[in-house]
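Asks: Here it is, the structure in full.
Protein chains: 2
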Amino acid sequence: MNNFEYHNPVRVVFGKGTIARIAELIDPSEKILLLYGGGSIKKNGVYNQVMAALKGRDVREFGGIEPNPRYETCMKAVEVVKRDGVDFLLSVGGGSVLDGAKFIAAAARCKADDPWDILTGQYTPKTAVPLGAILTLPATGSEMNCFAVISRDSTGEKLAFGNPCVYPVFSILDPETTYTLPAKQLRNGLVDAFVHVMEQYATYSVNTPLQDRQAEAVVRTLIEIAPDVLEKKNDYDSRANFMWTATHALNGIISCGVVEDWTTHMIGHELTAFFGLDHAETLAIVLPAVWQHQFDRKKEKLAQLARRVWHVVEGDVNAQARAAIDKTVSFFHSVGMPTRLGDYHITESRLTPVVERFRQRGTVLGEHQAVKADQIAEILSLCL
Amino acid sequence: MNNFEYHNPVRVVFGKGTIARIAELIDPSEKILLLYGGGSIKKNGVYNQVMAALKGRDVREFGGIEPNPRYETCMKAVEVVKRDGVDFLLSVGGGSVLDGAKFIAAAARCKADDPWDILTGQYTPKTAVPLGAILTLPATGSEMNCFAVISRDSTGEKLAFGNPCVYPVFSILDPETTYTLPAKQLRNGLVDAFVHVMEQYATYSVNTPLQDRQAEAVVRTLIEIAPDVLEKKNDYDSRANFMWTATHALNGIISCGVVEDWTTHMIGHELTAFFGLDHAETLAIVLPAVWQHQFDRKKEKLAQLARRVWHVVEGDVNAQARAAIDKTVSFFHSVGMPTRLGDYHITESRLTPVVERFRQRGTVLGEHQAVKADQIAEILSLCL
């Protein structure tokens, strides 16, 4: 096991009727900025629950934070925070709104000339506006981690940052808020959570039997509950299990002391930046290609995945590892998720600028630092 | 899944050479009281590592905290904390020293006339002296929770309390500190961790597939690593896996949203209080008896345990659940742990005052609130 540090101070409040708890979780004296996305919270009753709980408080609103939250939008919210002296950010929505809130929280206290430096790594935040979350979409794990991904229109970039000062003070997870989610977002959430686990698992072993089993626990549960999540609209149990399982896919527990990859995410972010695909759509395309390309380096863990999650018993390590790739693709298809660039009519010629961007940045990816621009080009060819 | 709240702010620093990190984790201005047990830390080099890291700091010492830490001893440390204006408690040792430190931390800020009220529940701490831990014995999980168990000589009682204000600020887990542990303490730690999981698992299902698998991950790993833990003296990997697995047995993750029991612990505490058995020794005796006595209420989860952990495939639910009890007893025996009161020459007549104490307290135990003094008497008979 590798040395590690684990510190996750998020207070998770989970279950039916828990939105009302914000009344005690936010200090009555604080000036609150409510952040949300496209307005679905005003249709599904969540907004009303929030405002009822905050009755009499100083609350202002900032809506319109996009999926793949845009830097330009976030900076407008930063202006509001600074102008009005906002003390607390309350994110109500999915991982995109929450990622936006994390960036806004850090940018509002940022001393660099351009808060974009937080995302390029040129500026490290030391403090942020305190934030809390009401999660309505199980997928990203953002509710129990300190990471955020932000896109910038003017440059077509999509970059991530992580900093302990943007851990939510609390995250409220009420599974009933997911009842009105469209099928596409449920599908995306299942795939996103699945791939999060794999980025922390499908590398090479450093003798971490507990963490391996904890990771397998997450993906086995995702696979098991997926049909009910997609088919049963108002089923509390499957939504509750989905919500808590997606949180565990990226709350730091399964990455303690293990070797991580994140190649799929880094390539996927660019596919979103260039072609506008949903985040999860890019992951379902790239993950199987990364596994094929890095097969010899990953096959031991992939074979273990096949044996433990899909009970594959026949064949040698190579055959079992190939089975893991096939079973993963089948799982993605079973939830209605395409796994090819061709499914989105993206052809080879359009990939050149994607590879060029990685080449210009001098990107080096993967647990062996073996995936550079040339390898990314090969991986993308496997995605066609 | 039941509603739940999860908030665990402990900073875990895990791995080789991490003791030196206390230099940055404790503010240089703070007056430190170093708490330890019987002095093994002065023989195995841990004390020297601690003092080297704290060179130049204001450090005083309080040694002699017992296994099953005594109220009387802890109150002497409380006097030192108050007299010298100690700002920070540093616990160096196993779960007993740390449990003592937690009680000392709360008692030193306690406004009740008698800090024992913290343990009887008549006083709820609002604040405590900040504390950190260097763990040298994987077993209790105290390093990543806010619970403590304290014994009182004058009354022969052993009581537990839990309060968020006694979460360690940090816990340092360096597996190399366990190399000098005697076999008995390793055995005790394996059993203690195993039973912790079972108190949170072997009840009845409220549809928590992730938590079930996370719990199974812990016990499967314990069973898998036990031979190496006991036989390989300086094997880093097995000790590292033991340390992290024991932490996960009682850090609150596997209890999120599930139904818990704790009957075995409550009865076991009294067996320690009356007969001086080690904590883990009592658990290994009581757990199988509780399962036999509450068989019909627990058999579904026990059968799942048998299928998933020991791959039992034959028989109906009753047969599989009985297999889980047999396999558990075999596991205890395999690590050298007795499972009968008779192994300690404790006969039926000596159990009467134990039952009487439960009767006087009006104790009600178990996930169905179905275990009272009469049932405890029956369970104890099954332990003979």
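Keeping their order, the protein sequence lines are chains S and B. Quick note, the first sequence lines up with residues 1 to 384 if you use this note's numbering. Quick note, the second sequence lines up with residues 385 to 768 if you use this note's numbering. Each residue gets a CB set at the ideal place from its N, CA and C atoms; glycine is no exception. Small disclaimer: the values here were computed from a predicted structure and weren't measured.
Apart from the five residues on each side of it in sequence, which residues of its chain come closer than 7 Å, Cβ to Cβ, to residue 252 (chain S)?
Replies: Once the five neighbours on either side are set aside, the close Cβ partners of residue 252 (chain S) are 6, 8, 145.
Asks: When the Cα atoms are used, what is the spatial distance from residue 542 (chain B) to residue 453 (chain B)?
Replies: Rounded to whole angstroms, residue 542 (chain B) to residue 453 (chain B) spans 9 Å at the Cα level.
Asks: Which residues in the same chain have their Cβ closer than 6 Å to the Cβ of residue 77 (chain S), if we skip the five residues on either side of it in sequence?
Replies: The answer, listed in chain order, is 62, 104.
Asks: Between which two residues does the beta strand (DSSP E) containing residue 8 (chain S) stretch?
Replies: Taken as a continuous stretch (DSSP letters only), the beta strand (DSSP E) holding residue 8 (chain S) covers 4-14.
Asks: Going along chain S in order, which residues have a C-beta closer than 8 Å to the C-beta of residue 400 (chain B)?
Replies: Under the 8 Å cutoff, chain S gives 3.
Asks: Is the beta carbon of residue 721 (chain B) sitting closer than 9 Å to the one on residue 673 (chain B)?
Replies: Taking 9 Å as the Cβ cut-off, residue 721 (chain B) and residue 673 (chain B) do not qualify as a contacting pair.
Asks: Taking DSSP's pairing of strands, which residues face residue 516 (chain B) in a bridge?
Replies: Answer is B:474, bridged to residue 516 (chain B).
Asks: Among B:620, B:438, B:426, B:536, which has the Cα closest to the Cα of residue 560 (chain B)?
Replies: With distances taken between Cα atoms, residue 560 (chain B) lies closest to B:620.
Asks: Give me whichever residues DSSP pairs with residue 536 (chain B) in a beta bridge.
Replies: BP columns for residue 536 (chain B) point to B:541.
Asks: Please report the straight-line C-alpha distance between residue 691 (chain B) and residue 604 (chain B), rounded to a whole angstrom.
Replies: Between residue 691 (chain B) and residue 604 (chain B), the C-alpha separation is close to 12 Å.
Asks: Taking Cβ positions only, does residue 406 (chain B) come closer than 9 Å to chain S?
Replies: No, no contact with chain S.
Asks: Determine whether the Cβ of residue 201 (chain S) lies closer than 9 Å to any Cβ atom of chain B.
Replies: Residue 201 (chain S) does not count as touching chain B.
Asks: Inspect the beta-carbon positions of residue 65 (chain S) and residue 172 (chain S) and report whether they are closer than 9 Å.
Replies: Taking 9 Å as the Cβ cut-off, residue 65 (chain S) and residue 172 (chain S) do not qualify as a contacting pair.
Asks: Where does the unbroken beta strand (DSSP E) through residue 445 (chain B) begin, and where does it stop?
Replies: Taken as a continuous stretch (DSSP letters only), the beta strand (DSSP E) holding residue 445 (chain B) covers 443-446.
Asks: Just to make sure I have the definition right: I need the residues of chain S whose C-beta is within less than 9 Å of the C-beta of residue 641 (chain B). Which are they?
Replies: 14, 15, 240, 244, listed in chain order.
Asks: Among S:191, S:31, S:360, which has the Cα closest to the Cα of residue 227 (chain S)?
Replies: Minimum Cα distance to residue 227 (chain S) is reached at S:191.
Asks: Starting from residue 555 (chain B), follow the alpha helix (DSSP H) in both directions and report where the run begins and ends.
Replies: Element bounds for residue 555 (chain B): not the alpha helix (DSSP H) but the beta strand (DSSP E), 554-557.
Asks: Is it buried or exposed, residue 653 (chain B), if we count other Cβ atoms within 10 angstroms and call 16 or more buried?
Replies: By the 10 Å Cβ count, residue 653 (chain B) comes out buried.
Asks: Under 8 Å by Cβ, that's how I've got residue 199 (chain S) and residue 261 (chain S) pegged, so tell me the actual separation to the nearest angstrom.
Replies: Right, their Cβ atoms sit about 5 Å apart.
Asks: Assuming residue 486 (chain B) and residue 521 (chain B) form a contact by the criterion Cβ under 8 Å, report the distance between their Cβ atoms to the nearest whole angstrom.
Replies: With 8 Å as the limit, residue 486 (chain B) and residue 521 (chain B) do not qualify as a contact, their Cβ atoms being about 16 Å apart.
Asks: Taking residue 407 (chain B) as the reference, give the member of B:432, B:441, B:495, B:386 with the closest Cα.
Replies: Measuring from the Cα of residue 407 (chain B), the nearest candidate turns out to be B:441.
Asks: Do residue 746 (chain B) and residue 657 (chain B) come within 9 Å of each other at the CB atom, strictly closer than that value?
Replies: Not in contact: residue 657 (chain B) and residue 746 (chain B) (Cβ atoms no closer than 9 Å).
Asks: Tell me the rounded alpha-carbon separation between residue 731 (chain B) and residue 678 (chain B).
Replies: So the alpha carbons of these two residues sit roughly 23 Å apart.
Asks: Should the stretch 405-420 of chain B be regarded as contacting the stretch 461-477 of chain B, the criterion being three or more beta carbon pairs within less than 8 Å?
Replies: The stretch 405-420 of chain B, when compared against the stretch 461-477 of chain B, does touch it at the 8 Å Cβ threshold.
Asks: Assign residue 174 (chain S) to buried or exposed, taking buried as 16 or more other Cβ atoms, counted over all protein chains shown, within 10 Å of its Cβ.
Replies: Buried is the call here.
Asks: My output table needs one value for residue 220 (chain S): the three-state DSSP class, helix, strand or coil.
Replies: Helix.
Asks: Which class does residue 692 (chain B) belong to by DSSP, given the choice of helix, strand or coil?
Replies: The answer is helix: DSSP assigns residue 692 (chain B) an H, G or I state.
Asks: Taking DSSP's pairing of strands, which residues face residue 371 (chain S) in a bridge?
Replies: DSSP lists S:365 as partners of residue 371 (chain S).
Asks: Helix, strand or coil for residue 438 (chain B), going by three-state DSSP, please let me know.
Replies: Reduced to three states, the DSSP call for residue 438 (chain B) is coil.
Asks: If contacts are defined as beta-carbon pairs under 8 Å, then residue 257 (chain S) and residue 554 (chain B) qualify, I think. What distance do you get, rounded to the angstrom?
Replies: About 17 Å separates the two Cβ atoms, so there is no contact after all.
Asks: Could you say which of B:504, B:430, B:631, B:495 lies nearest to residue 455 (chain B) if we only look at CA atoms?
Replies: Comparing Cα positions, the closest option is B:504.
Asks: Are the stretch 422-430 of chain B and the stretch 560-573 of chain B touching by the rule of at least three beta carbon pairs closer than 8 Å?
Replies: The stretch 422-430 of chain B vs the stretch 560-573 of chain B: in contact.
Asks: Beta carbon of residue 525 (chain B), beta carbon of residue 630 (chain B): below 9 Å?
Replies: It is a contact, given that the beta carbons lie within the stated cut-off.
Asks: For a cutoff of 9 Å on Cβ pairs, would you count residue 745 (chain B) as touching chain S?
Replies: Taking Cβ atoms only, chain S never reaches closer than 9 Å to residue 745 (chain B), which makes this a no.
Asks: Under a Cβ-count criterion, where at least 16 other Cβ atoms within 10 Å of its own Cβ denotes burial, should residue 304 (chain S) be classed as buried or exposed?
Replies: It is buried - the Cβ of residue 304 (chain S) has at least 16 other Cβ atoms within 10 Å.
Asks: Run through DSSP, which three-state label would residue 454 (chain B) get?
Replies: Strand at residue 454 (chain B).
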